[in-house]
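Everything in the sequence shown is counted per the UniProt record's numbering, starting at 1 for the first residue and increasing by one.
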Amino acid sequence: MGHLPKLIEDLALILMAGAIVTLLFRKIKQPLVLGYIIAGFLVSPHFIFTPNVVDQENVKTLAEIGVIFLLFSLGLEFSFKKLVRVGGTASITAFTEIIFITVGGYFAGKLMGWTTMDSLFLGGMLASSSTTIILRAFDELGVKTKQFARIVFGVLVVEDIVVILLMVLLSTVAVTKNFEGGQILFTVLKLLFFLGMWFIVGIFLLPTFLRVARKLLDEETLLILALGLCLGMVVLATQVGFSAELGAFVMGSIIAETTLAEKVEHLIKPVKDLFGAVFFVSVGMMIDPKAIATYAGPICWITLLTLFGKMISTTIGALISGQPLKQSVQVGMSMAQIGEFAFIVATLGLSLGVISEFLFPIAVGASAITTFTTPYLIKFSEPIYNFILKRLPEKWVNKINKYSSSTQQIQAESDWRVVLKTYLRILLTNTIILVALLLVSKNFLLPFVEERVANNYLRNGIILVISLAAAAPFFWAFMAGKPKNQAYKELWVDKKYNRGPLLIVELLRVAMGILFMAIFVNTLVPARIALLVGIPFTVLVLILFSSRIQKFYQRMEKRFMRNLNERETVAAEANAVENNLHQKNREMRSNLEAWDAHIVEMEVSPQATAIGIVLKDLQWRENFGINIVYIKRGEQIIHTPGRNNRLLPFDRVGVLATDDQLAIFKPVFDAREVLEHDEMSIEDIVLQKVLVDEHTKLRGQTIHGSGLRERTNGLVVGIEKEKDRILNPESSTVLEWGDIVWIVGDRKKLQKLIVE
Numbered sequence: 001m002g003h004l005p006k007l008i009e010d011l012a013l014i015l016m017a018g019a020i021v022t023l024l025f026r027k028i029k030q031p032l033v034l035g036y037i038i039a040g041f042l043v044s045p046h047f048i049f050t051p052n053v054v055d056q057e058n059v060k061t062l063a064e065i066g067v068i069f070l071l072f073s074l075g076l077e078f079s080f081k082k083l084v085r086v087g088g089t090a091s092i093t094a095f096t097e098i099i100f101i102t103v104g105g106y107f108a109g110k111l112m113g114w115t116t117m118d119s120l121f122l123g124g125m126l127a128s129s130s131t132t133i134i135l136r137a138f139d140e141l142g143v144k145t146k147q148f149a150r151i152v153f154g155v156l157v158v159e160d161i162v163v164i165l166l167m168v169l170l171s172t173v174a175v176t177k178n179f180e181g182g183q184i185l186f187t188v189l190k191l192l193f194f195l196g197m198w199f200i201v202g203i204f205l206l207p208t209f210l211r212v213a214r215k216l217l218d219e220e221t222l223l224i225l226a227l228g229l230c231l232g233m234v235v236l237a238t239q240v241g242f243s244a245e246l247g248a249f250v251m252g253s254i255i256a257e258t259t260l261a262e263k264v265e266h267l268i269k270p271v272k273d274l275f276g277a278v279f280f281v282s283v284g285m286m287i288d289p290k291a292i293a294t295y296a297g298p299i300c301w302i303t304l305l306t307l308f309g310k311m312i313s314t315t316i317g318a319l320i321s322g323q324p325l326k327q328s329v330q331v332g333m334s335m336a337q338i339g340e341f342a343f344i345v346a347t348l349g350l351s352l353g354v355i356s357e358f359l360f361p362i363a364v365g366a367s368a369i370t371t372f373t374t375p376y377l378i379k380f381s382e383p384i385y386n387f388i389l390k391r392l393p394e395k396w397v398n399k400i401n402k403y404s405s406s407t408q409q410i411q412a413e414s415d416w417r418v419v420l421k422t423y424l425r426i427l428l429t430n431t432i433i434l435v436a437l438l439l440v441s442k443n444f445l446l447p448f449v450e451e452r453v454a455n456n457y458l459r460n461g462i463i464l465v466i467s468l469a470a471a472a473p474f475f476w477a478f479m480a481g482k483p484k485n486q487a488y489k490e491l492w493v494d495k496k497y498n499r500g501p502l503l504i505v506e507l508l509r510v511a512m513g514i515l516f517m518a519i520f521v522n523t524l525v526p527a528r529i530a531l532l533v534g535i536p537f538t539v540l541v542l543i544l545f546s547s548r549i550q551k552f553y554q555r556m557e558k559r560f561m562r563n564l565n566e567r568e569t570v571a572a573e574a575n576a577v578e579n580n581l582h583q584k585n586r587e588m589r590s591n592l593e594a595w596d597a598h599i600v601e602m603e604v605s606p607q608a609t610a611i612g613i614v615l616k617d618l619q620w621r622e623n624f625g626i627n628i629v630y631i632k633r634g635e636q637i638i639h640t641p642g643r644n645n646r647l648l649p650f651d652r653v654g655v656l657a658t659d660d661q662l663a664i665f666k667p668v669f670d671a672r673e674v675l676e677h678d679e680m681s682i683e684d685i686v687l688q689k690v691l692v693d694e695h696t697k698l699r700g701q702t703i704h705g706s707g708l709r710e711r712t713n714g715l716v717v718g719i720e721k722e723k724d725r726i727l728n729p730e731s732s733t734v735l736e737w738g739d740i741v742w743i744v745g746d747r748k749k750l751q752k753l754i755v756e
């Protein structure tokens with residue numbers, strides 16, 4: 001215990017310095033992360049006027065634990081389904097920005113004479129923006145509810161997952177010193193395989209275990225279990241050649257799909273805050289004022305690259321994704337800063353011993369400057385847009401607006417596209433499982449049997465029987481599992497045109513399955529035994545026991561889907577849904593800006609004048625053009641509330657409005673904005689555009705007669721008819737070919753409507 005007292009002294013110094021400095025930063029409304037970094041500098045050997053940390057090695061260990069828990073917490077806030085819901089706009093914007101700034105960072109480093117590894121890590125450090133800084137700036141400027149803010153939040157989600165993958169690639173390249181494209185491609189495929197395997201196995205086992213043990217899990221036990229699972233996955237990830245940070249993130253994202261996700265996130269927060277503070281303080285301890293002065297030039301260049309590179313690339317990405325020029329500029333000017341991930345990436349490089357120590361002060365210096373510029377960039381984004389608009393040629397502006405408008409044209413997915421996507425999902429999922437089983441058999445079962453069985457024939461027989469018994473359900477699904485959707489049934493019924501191609505697809509995957517089976521068996525036993533015994537035996541078993549294998553696989557599939565959707569299912573069951581639909585809509589013409597409407601959640605103030613008054617008497621829709629799409633009252637969700645519904649104190653109300661409408665309506669509503677959304681079913685309430693074509697079968701029907709409201713649990717808020725746009729159409733409006741119908745309703749029901 002010789003070092004323990006000194007460690008305790010150092011921890012006391014770190015936490016006290018962190019607390020005092022962050023109190024000051026709260027007072028002046030600056031990011032706490034920056035406060036922790038300054039606190040670290042104050043207790044470092046580089047600052048001689050205060051006591052210094054002595055036991056820096058142990059502090060580094062605690063900082064590494066802090067990174068692990070930060071990534072675990074990020075995984076808890078992340079969801080694979082949330083990533084899917086981000087949509088094309090945010091994904092295209094994020095990838096455009098990340099590719100540009102990563103490549104730009106690499107070449108900037110090379111131009112300054114840095115090593116290849118320093119330049120690579122610089123690109124990785126610049127790849128993400130700061131969620132903390134952006135949220136604080138949005139909150140202070142009151143722009144969280146604007147449409148461009150929603151796109152920014154989606155971009156941040158995509159950035160988080162991409163930067164995690166970048167960290168894995170950088171660590172692999174750093175360790176192997178191999179920059180060949182083939183090696184990097186192999187690393188990417190290996191990473192995707194293990195991510196898929198961990199996700200499938202984790203979702204299959206973990207929610208079931210938590211469901212069985214739920215009655216025994218008090219807060220203390222759940223916290224210990226969550227931390228144990230996190231660190232266990234960290235160990236597993238490092239054993240297979242990946243970073244500890246990836247393991248922590250993956251386990252967090254698996255727990256995020258369970259019903260205990262919110263509770264775990266609440267319990268883990270104090271642990272994350274404690275060790276996270278130690279990590280950011282340790283970052284500050286590495287700041288050397290002499291190094292910052294020495295590298296003032298690179299800091300300026302990196303700052304300029306971050307500011308202008310991120311602004312330009314993010315704006316271009318938003319334009320490519322189909323956003324109007326104004327929103328694209330606002331998104332671009334919101335993302336121009338270096339995020340907290342820069343310090344994590346730099347820490348990774350230093351721990352691997354592959355980057356120079358001067359990268360840390362450069363990252364901190366550029367981060368500090370961009371932190372202070374972010375609020376001003378967001379504030380002046382609209383004036384800068386007006387400046388650009390005046391100087392751009394009018395034909396350019398018209399082309400941008402025309403391109404943005406054309407992206408609104410939604411094309412329904414064809415039946416073939418839906419079916420082929422389902423086939424691809426079946427093949428990929430079962431391929432991952434079969435490869436995982438093969439690795440387990442080769443690395444564990446094969447050595448185990450070889451040590452204990454001397455007879456070659458008996459040994460090969462035992463290995464084949466055990467391995468193929470475990471793999472049989474997944475070989476069956478690979479070769480015979482049918483897509484379970486309406487699109488497949490409709491294609492199969494159409495004998496004239498579709499049965500032939502469907503049979504060809506079936507034959508191709510059977511052939512692929514037999515080839516895969518041959519590789520599987522030949523890897524475990526000699527080729528002669530595989531050819532004469534293994535493959536024929538497996539095919540015979542699949543044919544003879546097809547029915548039983550099918551039922552067994554379907555039970556596993558049902559359990560997996562139940563676990564995957566358990567969180568949403570429990571939330572949905574807790575909601576009593578009321579479907580009081582509006583009976584009257586009025587028609588009004590609107591310009592293009594009226595279609596920039598988005599859903600904003602607002603909370604009814606206890607002092608609001610609207611409390612207790614029925615919606616029809618408030619006349620908000622008539623006076624302001626807004627729509628109330630849901631009311632959340634406790635655990636109850638009232639979808640598309642009717643004319644006679646009333647608002648009560650603390651109701652959360654979903655309002656569909658444009659930014660301009662919201663600016664006028666908000667003071668009347670007298671509500672405060674809600675930053676965090678409930679994870680229940682509110683995320684499934686979306687504004688969706690549906691094309692009237694042969695798939696949706698809406699031609700010639702009125703809005704009322706089509707049953708759109710009942711089928712989507714939603715509200716028709718607009719129709720585009722060629723060049724005409726109708727907001728809040730009458731229920732008697734007749735739908736024609738090519739009309740685009742705007743509906744606020746349930747995401748799943750709307751998707752079902754599109755692909756029916």
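Every residue gets a Cβ at the ideal spot worked out from N, C-alpha and C, and that includes glycine.
Exercise. Do you know how far the Cα of Val-716 is from the Cα of Trp-742?
Worked result: The sequence position of residue 742 within the sequence shown is 742, counting from 1. The sequence position of residue 716 within the sequence shown is 716, counting from 1. Going by the C-alpha atoms only, they are around 6 Å apart.
Exercise. For the candidate residues Pro-641, Leu-648, Val-397, Ala-39, whose alpha-carbon lies nearest to that of Leu-656?
Worked result: The residue given as residue 656 occupies position 656 in the sequence shown. Nearest option by C-alpha distance: Pro-641.
Exercise. Leaving out five residues before and five after Pro-606 in sequence, what residues of the same chain have Cβ atoms less than 6 Å from its Cβ?
Worked result: Translated into positions along the sequence shown, residue 606 becomes position 606. Closer than 6 Å at the Cβ level, and outside the excluded window around Pro-606, lie Pro-649.
Exercise. If we ignore side chains and look at the alpha-carbon of each, how far apart do Lys-752 and Met-561 end up?
Worked result: Position 752 of the sequence shown holds residue 752. Position 561 of the sequence shown holds residue 561. The alpha-carbon atoms of Lys-752 and Met-561 are separated by roughly 18 Å.
Problem set entry | Pair within 8 Å by beta-carbon distance, Val-364 and Ile-287 | By 1-based counting over the sequence shown, the position of residue 364 is 364. By 1-based counting over the sequence shown, the position of residue 287 is 287. Their beta carbons are under 8 Å apart, which means Val-364 touches Ile-287 by this criterion.
For this session: Note down, one range per segment and in chain order, each alpha helix (DSSP H) of at least 4 residues found wholly within the stretch 10-53.
Result: 32-42
Exercise. Does the beta-carbon distance from Ile-164 to Ala-127 come in below 8 Å?
Worked result: Residue mapping note: residue 164 aligns to position 164 of the sequence shown, counting from 1. Residue mapping note: residue 127 aligns to position 127 of the sequence shown, counting from 1. Not closer than 8 Å, so no.
Exercise. How do the stretch 261-280 and the stretch 315-333 stand: do at least 3 beta-carbon pairs fall below 8 Å, yes or no?
Worked result: no
For this session: Enumerate in chain order the residues of its own chain whose CB-to-CB distance from Ser-546 is below 8 Å, with the five nearest sequence positions on each side excluded.
Result: The sequence position of residue 546 within the sequence shown is 546, counting from 1. So the list reads Trp-476, Ala-480, once near-sequence residues are dropped.
Exercise. Is it true that the CB of Val-281 sits closer than 8 Å to the CB of Ala-472?
Worked result: Residue 472 sits at position 472 when you count from the first residue of the sequence shown. Residue 281 sits at position 281 when you count from the first residue of the sequence shown. Cβ distance not < 8 Å, so Ala-472 and Val-281 don't count as in contact.
Problem set entry | Straight-line Cα distance separating Leu-141 from Asp-10 | Counting from one through the sequence shown, the residue named residue 10 turns up at place 10. Counting from one through the sequence shown, the residue named residue 141 turns up at place 141. Taking the straight line joining both Cα atoms gives about 39 Å.
Exercise. In three-state DSSP terms, what is Met-112?
Worked result: The residue you call residue 112 lines up with position 112 of the sequence shown. Correct three-state label for Met-112: coil.
Problem set entry | beta strand (DSSP E) segment containing Lys-689, residue limits | Here residue 689 corresponds to residue number 689 of the sequence shown, with the count starting at 1. That run of the beta strand (DSSP E) goes 685-691.
Exercise. Using the beta-carbon count (16 or more within 10 Å), is Ile-224 buried or exposed?
Worked result: The residue you call residue 224 lines up with position 224 of the sequence shown. Burial call: exposed.
For this session: Count the C-beta pairs between the stretch 38-57 and the stretch 220-237 that are closer than 8 Å, then say yes if the count reaches three, no if not.
Result: no
For this session: Check each candidate in Val-686, Asp-684, Ile-703 and name the one with the smallest Cα separation from Val-692.
Result: The count along the sequence shown starts at 1 and reaches residue 692 at position 692. Closest option to Val-692, Cα to Cα, is Ile-703.
For this session: In angstroms with no decimal places, state the Cα-to-Cα distance between Leu-236 and Leu-229.
Result: The count along the sequence shown starts at 1 and reaches residue 236 at position 236. The count along the sequence shown starts at 1 and reaches residue 229 at position 229. Going by the C-alpha atoms only, they are around 10 Å apart.
Exercise. When we look at the beta-carbon of Gly-297 and count the other beta-carbons within 10 Å, is it buried (16 or more) or exposed?
Worked result: Start at 1 with the first residue of the sequence shown, and residue 297 comes out as number 297. Exposed, because fewer than 16 other Cβ atoms sit within 10 Å of the Cβ of Gly-297.
Problem set entry | With 16 other Cβ atoms within 10 Å as the buried cut-off, status of Asn-401 | Reading the sequence shown from its first residue, position 401 is the one you call residue 401. So Asn-401 ends up on the exposed side.
Exercise. To which residues of the same chain is Phe-193 closer than 7 Å at the C-beta, ignoring the five residues directly before and after it?
Worked result: Numbered from 1 along the sequence shown, position 193 holds the residue referred to as residue 193. Here the set comprises Ile-432, Val-435.
Problem set entry | In DSSP terms, what Thr-702 is bridged to | Locating residue 702 in the sequence shown gives position 702, counting from the first residue. DSSP output for Thr-702 lists Val-734 as bridge partner(s).
Exercise. Can you tell which of Arg-211, Glu-159, Lys-110, Pro-51 has the C-alpha that lies nearest to the C-alpha of Asn-563?
Worked result: Looking up residue 563 in the sequence shown gives position 563. When each option's Cα is compared against that of Asn-563, the closest is Arg-211.
Exercise. What residue does the beta strand (DSSP E) around Asn-627 start on, and which one ends it?
Worked result: Position 627 of the sequence shown, counting from 1, holds the residue named residue 627. Residues 627-633.
For this session: Would you mind working out which of Ser-253, Ala-256, Phe-343 sits nearest residue 764, comparing C-alpha positions?
Result: Lying before the first or after the last residue shown, residue 764 is absent from the chain, which here runs from 1 to 756.
Problem set entry | Buried versus exposed call for Arg-589 [16 or more other C-beta atoms within 10 Å across all chains shown] | Numbered from 1 along the sequence shown, position 589 holds the residue referred to as residue 589. Note on Arg-589: pLDDT 33, under 50, position unreliable in the model; the coordinate value appears next. Its Cβ having fewer than 16 others within 10 Å, Arg-589 is exposed.
Exercise. Leaving out five residues before and five after Gln-661 in sequence, what residues of the same chain have Cβ atoms less than 8 Å from its Cβ?
Worked result: Here residue 661 refers to the residue found at position 661 of the sequence shown. Ala-597, Phe-624, Gly-625, Ile-626.
For this session: Go through the stretch 284-314 residue by residue and report every complete run of the alpha helix (DSSP H) that reaches 4 residues or more, in order.
Result: 289-294, 296-304
Exercise. CB-CB under 6 Å to Ile-549, same chain, minus the five flanking residues each way: which ones, in chain order?
Worked result: Against the sequence shown, residue 549 aligns to sequence position 549. So the qualifying residues of the chain are Ala-472, Pro-473, Trp-476.
Exercise. Terminal residues of the continuous beta strand (DSSP E) containing Val-653?
Worked result: Taking the sequence shown and counting its residues from 1, one reaches residue 653 at position 653. 652-657 is the span of the beta strand (DSSP E), which, as asked, contains Val-653.
For this session: Would you kindly work out how many angstroms separate the C-alpha atoms of Val-505 and Tyr-423, rounded to a whole number?
Result: Counting from 1 along the sequence shown, the entry for residue 505 is found at position 505. Counting from 1 along the sequence shown, the entry for residue 423 is found at position 423. Their backbone Cα atoms lie some 9 Å apart in a straight line.
Problem set entry | Runs of beta strand (DSSP E) wholly within the stretch 353-430 (minimum 3 residues, chain order) | none
Exercise. By Cβ distance, which residues of its chain are closer than 7 Å to Leu-438, with the 5 residues on each side in sequence left out?
Worked result: Position 438 of the sequence shown, counted from the first residue, corresponds to residue 438. Result list for Leu-438: Phe-520, Thr-523, in chain order.
Problem set entry | Alpha-carbon to alpha-carbon, Tyr-403 and Pro-393 | As a position in the sequence shown, residue 393 is number 393, starting the count at 1. As a position in the sequence shown, residue 403 is number 403, starting the count at 1. Near 16 Å, if we compare the C-alpha coordinates of Tyr-403 and Pro-393.
Problem set entry | Beta-carbon proximity list for Phe-279, same chain, < 6 Å, skipping 5 on both sides | Here the question's residue 279 lines up with position 279 in the sequence shown. Result list for Phe-279: Ala-63, Gly-66, Val-67, in chain order.
Exercise. Sorted by chain position, which residues of the same chain lie with C-beta nearer than 7 Å to Gly-88's C-beta, five sequence neighbours on each side aside?
Worked result: For this step, residue 88 is matched to residue 88 along the sequence shown. The residues are Ser-321.
Exercise. When we look at the beta-carbon of Glu-220 and count the other beta-carbons within 10 Å, is it buried (16 or more) or exposed?
Worked result: Numbered from 1 along the sequence shown, position 220 holds the residue referred to as residue 220. Exposed is the call here.
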